[in-house]
Amino acid sequence: MNIRNFWKILSGTFLIVGASTLSAQSQAQMFSRPGVIGDSLSQGFYGATVEEKTQNWAYPVLVSKQAGSNVSYNVLKGPYLNFEDVLKGDCGVFCIAASIIGGNGSTVGLPTHAGITGADYTTVLQTSGQCENINATTWAKQWYWETWYWYTYRWVQVPDCQSPDKFHQFGLRSSGTQMQVMQAVKPSFLFGTAAANHVLCTALSTSTDCLDQARFVRDIRSTMSKMAAIGSIKGGVLFTVPNVTSIAFLENYNDPQGRVNYSGLKAFFRSSVSDPSQVLDKNEVATITNFLTSINNEVKAQAVAMGFALADLKVLFDDLKENGRLIKSPSGYSPGYAKANWPLPGQPGIFGLDGVHPNMYGHAVFANELIKAINSKYGYSIPQVSEYTAWYYDSLNRNPVDLKKFLTDTLFGQFISWVIGIFV
């Protein structure tokens, strides 16, 4: 080997080592202090509740761990129930009562993970753990002495602090709104999506009345503008919203009498439709589809403007719905393809028993799509979560509960269906 070739090889080696070190340092800096805003997907809602074992599988927790970092959050123990635990007999009377009441398992002074179930970009800006809307005001009498002998009053605007839902109370406590938390945390990397509930509301209520494009656009832009002003954020990730009319919560229904506005998509727990408000007809589905396209285009635009990675979860979900996702162990064993439903005997699934949120395996799939997007955008090599391991330790996938059969074939299940039908 001549001296010139030797130096070329040596220089190339230094370049490779230098690039590797730079990449590692950049990833470490990027994830030195990850911060999270978001909704139930970020908080770890599973089986109609939030608790420590579900929060541990939320995507910001999984992705941060895979990137060699972590996030801190207030640990919840409710409110509401983990359907899986109840149906499998792992949660008795006292457990059910404690879950319904809810509370905190542990707390932190300033969480770096502020994602809250039920949140959207509007509540990110205005809902704290103590006030439903920190900007709300009302009129009240202010008494004063107009003269030394005349005591009277005038009407003035004062703060109107109404108590928020329990997820906000237990998740944010006294730390402020999600935006205020991020302004205090000053994150280096942002998990920043809170778009789903702007359109998911249509599936849960089988109505399009909740759609408000002007509010969504105003508040996502305001959120991202305030995030950019923080100055510490080096990068982040956003994701598009899947087709909410294809989630397991909804199922096709054809009216026996052939009435068009009684046919369409109904909630899975309803055995029939007694009013057009209980179904999304084809015109409403078209309205939702158009709205979904609009908000996803805005999410994509904000990702570009902020220099964030983008995971197209709508494309992922469409593929899951059509083709499923192969689960395979390192040794080659496979339980099959997971579908866009909750698990059934012999058929893995990505949904929990509420038909809306991912199960443990579904959260791992979700996290991996974000990891792929982050690696692609920033040139990192963050390892993926083992989806087979997530499936293996997911008791719902390993020991499925056929919730629909339970609701229709047992007296207790029929009672639950009746109660849900009355109050939803």
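Read in order, the letters of the sequence shown are residues -24 to -1, 1 to 400 in mature numbering (1 follows the signal peptide of the UniProt record, and there is no 0). Where a beta carbon is used, it is the ideal one built from N, C-alpha and C, also for glycine.
Alpha carbon of residue i to alpha carbon of residue j, nearest angstrom
{"i": "P252", "j": "G85", "result": "47 Å"}
{"i": "M203", "j": "I13", "result": "11 Å"}
{"i": "L166", "j": "Q5", "result": "13 Å"}
{"i": "G44", "j": "A366", "result": "19 Å"}
{"i": "A343", "j": "D61", "result": "24 Å"}
{"i": "Q31", "j": "W131", "result": "46 Å"}
{"i": "N196", "j": "A170", "result": "Note that residue 196 corresponds to Ile in the displayed sequence, not to Asn. Taking the straight line joining both Cα atoms gives about 8 Å."}
{"i": "S82", "j": "F59", "result": "23 Å"}
{"i": "T103", "j": "Y97", "result": "10 Å"}
{"i": "D257", "j": "H174", "result": "19 Å"}
{"i": "S310", "j": "Q189", "result": "43 Å"}
{"i": "A287", "j": "Q323", "result": "26 Å"}
{"i": "Y120", "j": "A160", "result": "38 Å"}
{"i": "L148", "j": "Q156", "result": "10 Å"}
{"i": "M200", "j": "D231", "result": "45 Å"}
{"i": "N317", "j": "K290", "result": "15 Å"}
{"i": "L57", "j": "S75", "result": "6 Å"}
{"i": "N259", "j": "H89", "result": "38 Å"}
{"i": "E298", "j": "P55", "result": "34 Å"}
{"i": "K380", "j": "N46", "result": "38 Å"}
{"i": "G65", "j": "G23", "result": "14 Å"}
{"i": "A95", "j": "W124", "result": "51 Å"}
{"i": "Y337", "j": "A73", "result": "28 Å"}
Assigned secondary structure, residue i (DSSP; H/G/I helix, E/B strand, else coil)
{"i": "H89", "result": "strand"}
{"i": "N80", "result": "strand"}
{"i": "V341", "result": "helix"}
{"i": "E363", "result": "helix"}
{"i": "residue 403", "result": "Outside the displayed range of the chain (-24 to 400) lies residue 403, so it cannot be described from this structure."}
{"i": "F127", "result": "Going by the sequence as given, residue 127 is Tyr instead of Phe. Here Y127 sits in strand by DSSP."}
{"i": "A190", "result": "helix"}
{"i": "E274", "result": "helix"}
{"i": "V157", "result": "helix"}
{"i": "R374", "result": "helix"}
{"i": "I303", "result": "strand"}
{"i": "P324", "result": "coil"}
{"i": "P334", "result": "strand"}
{"i": "N351", "result": "helix"}
{"i": "N32", "result": "coil"}
{"i": "A172", "result": "coil"}
{"i": "K202", "result": "helix"}
{"i": "G147", "result": "helix"}
{"i": "residue 409", "result": "The question about residue 409 has no answer here: the residues shown for the chain are numbered -24 through 400."}
{"i": "K162", "result": "coil"}
{"i": "T216", "result": "coil"}
{"i": "V12", "result": "strand"}
{"i": "T182", "result": "coil"}
Burial state of residue i, where buried means 16 or more other Cβ atoms lie within 10 Å
{"i": "C67", "result": "buried"}
{"i": "D267", "result": "One detail in the question is off: residue 267 reads as Phe in this sequence, not Asp. It is buried - the Cβ of F267 has at least 16 other Cβ atoms within 10 Å."}
{"i": "L302", "result": "exposed"}
{"i": "N335", "result": "buried"}
{"i": "E27", "result": "buried"}
{"i": "P163", "result": "buried"}
{"i": "E363", "result": "buried"}
{"i": "A281", "result": "exposed"}
{"i": "E345", "result": "buried"}
{"i": "K29", "result": "exposed"}
{"i": "T25", "result": "buried"}
{"i": "W115", "result": "exposed"}
Contact belief for residue i with residue j at Cβ below 8 Å, rounded distance in angstroms
{"i": "T113", "j": "Q133", "result": "4 Å"}
{"i": "F192", "j": "G331", "result": "Contact doesn't hold; Cβ gap of about 24 Å is too wide."}
{"i": "T263", "j": "T184", "result": "5 Å"}
{"i": "N272", "j": "V217", "result": "6 Å"}
{"i": "V220", "j": "A179", "result": "5 Å"}
{"i": "N80", "j": "F146", "result": "5 Å"}
{"i": "G325", "j": "A314", "result": "6 Å"}
Exercise for review: Would you check if the region 132 to 144 and the region 105 to 118 touch, i.e. whether three or more CB-CB distances between them fall below 8 Å?
Suggested key: Verdict: yes, contact present.
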